[in-house]
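Numbering (this note's numbering), first residue to last: 337 to 474.
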């Protein structure tokens with residue numbers, strides 16, 4: 337009969353295991369998808385403020401509805417030309433801010449998986465799960 341071995345892991349160990357990558361390429365792909373997700377969340381917010389649906393966005397972008405659905409599901413990643421079109425459609429300017437990553441002992445010992453930082457966007461407040469990487473739409 338097989339015995340079940342039970343081990344206890346700290347929150348930090350669980351987080352490290354969940355977010356560990358087999359190689360650097362996998363980590364870069366994950367980070368690209370997180371940047372994409374941040375941008376898609378901002379685009380969704382803009383669409384909501386204009387009462388626009390995905391079909392209308394697709395038409396404004398000159399893309400198929402299926403392609404826009406793939407962007408929103410993460411099957412395809414945004415490119416710079418599409419972001420330039422987004423600026424034009426919503427009459428905004430995308431402003432990127434590069435911030436150095438910082439590691440502190442205090443942050444490493446926290447059991448939380450994500451940290452929320454409030455960022456003011458016009459009259460609405462947006463919650464960002466990734467305070468070390470921001471894409472502000474203004």
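Even for Gly, the Cβ is constructed at its ideal location relative to N, Cα and C.
So, helix, strand or coil for residue i, using DSSP?
i: residue 430; result: strand
i: residue 378; result: helix
i: residue 419; result: helix
i: residue 435; result: coil
i: residue 366; result: helix
i: residue 448; result: Reliability of the predicted coordinates at residue 448 is poor, the pLDDT of 39 falling under 50, and the value obtained from them is presented with this limitation in mind. Coil, per DSSP.
i: residue 358; result: coil
i: residue 346; result: coil
i: residue 413; result: coil
The alpha helix (DSSP H) with residue i in it runs from where to where?
i: residue 395; result: 390-397
i: residue 407; result: 401-409
When the distance is taken between beta carbons, is residue j closer than 8 Å to residue i?
i: residue 397; j: residue 383; result: no
i: residue 376; j: residue 407; result: yes
Check: For the region 407-420 against the region 353-372, are there 3 or more C-beta pairs whose distance is under 8 Å?
Finding: yes
Checklist line | At least three beta-carbon pairs within less than 8 Å, the region 427-434 to the region 384-393 | finding: no
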